[in-house]
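This report refers to the structure that appears directly beneath it.
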Amino acid sequence: MTAEDVRVALQRLLSQVGHWETDRWAAAAGSGPVGGDGSGGSRGDVVFGLVQRLADLGAEAEGRASLPVPREPDMILPDQLKVMVDDLVAAGPPETLLTRAADEIGAARSAL
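Numbering (the numbering used here), first residue to last: 25 to 136.
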């Protein structure tokens with residue numbers, strides 16, 4: 025998996041959710057990971073969980089401790105995703121981390 029593969033996976037997700045308005049973000053998610061524990065929640069919860077997992081992968085790539093990402097309004101989530109992927113790619117992670125990132129993006133997309 026390459027950085028470009030992760031960016032393509034992100035672009036697919038952003039094409040799906042980038043135009044959503046508040047009501048669509050608040051709707052219940054189908055299934056899958058929310059906050060990393062598999063519990064139910066809104067579509068915004070699913071995407072925010074992804075933001076946090078990408079931030080954790082970025083921290084791992086940089087060799088530093090993970091920090092909680094502040095929960096902003098759902099309409100900000102696409103921008104947070106872009107920043108997290110940019111930060112992860114800038115850290116020059118090994119292929120295994122890029123694969124995990126792409127898998128996380130795909131799982132979140134499927135859960136929506």
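The beta-carbon is built from N, C-alpha and C at its ideal position, and this holds for glycine as well. Note that this is a predicted model, so its numbers are computed, not measured.
Going by beta carbons, P117 and A79 fall outside the 8 Å limit.
Buried is the label assigned to R77, since at least 16 other Cβ atoms lie within 10 Å of its Cβ. Of the other Cβ atoms in all chains shown, 16 or more fall within 10 Å of the Cβ of E128; this residue is therefore buried. For V32 against L122, the beta-carbon gap comes to about 11 Å, at or over 8 Å, which does not count as contact.
Between L37 and A131, the beta carbon gap of about 10 Å keeps them out of contact (Cβ cut-off 8 Å). Counting only residues of its own chain and dropping the five nearest sequence neighbours on each side, A50 has a CB closer than 6 Å to the CB of S66.
If you draw a 10 Å sphere on the C-beta of M99, you find fewer than 16 other C-beta atoms in it, and that means exposed. Rounded to whole angstroms, A83 and M108 show a C-alpha spacing of 10 Å.
Around D111, the same chain offers G82 as residues with beta carbons nearer than 6 Å, after the five sequence neighbours per side are excluded. For L136 and D103, the gap between their C-alpha atoms comes out near 18 Å. Exclusion of the five residues before and after G42 leaves P102 as the residues of its chain whose Cβ lies within less than 8 Å of its Cβ.
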